[in-house]
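Chemist:
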Amino acid sequence: MTTPAETDQLLHLVIGGELRHLDAPVFRDLSKVEFVGAFPNYEEARKAWKARAQATVDNAHMRFFILHAHRMIDPRGDAHGH
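Numbering (the numbering used here), first residue to last: 8 to 89.
#1: Can you name, in chain order, every residue of its own chain whose Cβ lies under 7 Å from the Cβ of Leu20, other than the five neighbours on each side?
#2: Cα separation between Gly23 and Pro32?
#3: Out of Ala55, Leu26 and Lys57, state which residue places its alpha-carbon closest to the alpha-carbon of Ser38.
#4: Out of His28, Leu18 and Leu17, which has the shortest C-alpha to C-alpha gap to Asn66?
#5: Hey, how far is the Cα of Met69 from the Cα of Ala52?
So, in structure tokens, the structure goes:
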């Protein structure tokens, strides 16, 4: 039996790394892409994204992204409003 918290989970992943150029999200070296973590909702993912992005602010080519993995797993719809 699932609990409400389990059914409300919307998986988000945070990844990042150095980009080749600032005008396109193409990583310089895919073997160095950093997996920051997996999070149960957008709010938690955003906190991790913000912390990691701020920690690398001195490197202009470093970028971090929030991936809405729940959309890839179940693309039927997006009812959480972002």
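A virtual CB, placed ideally from N, CA and C, is assigned to each residue, including glycine.
Modeler: Short version:
#1: For Leu20, where only same-chain residues beyond five positions count, the Cβ hits under 7 Å are Ala45, Leu74 and Ala76.
#2: Take the alpha-carbon of Gly23 and the one of Pro32: they are about 10 Å apart.
#3: Sorting Ala55, Leu26 and Lys57 by C-alpha distance to the C-alpha of Ser38 places Leu26 at the top.
#4: The alpha carbon of Asn66 has as its nearest neighbour, out of His28, Leu18 and Leu17, the alpha carbon of His28.
#5: Answer to the nearest angstrom: the Cα atoms are 18 Å apart.
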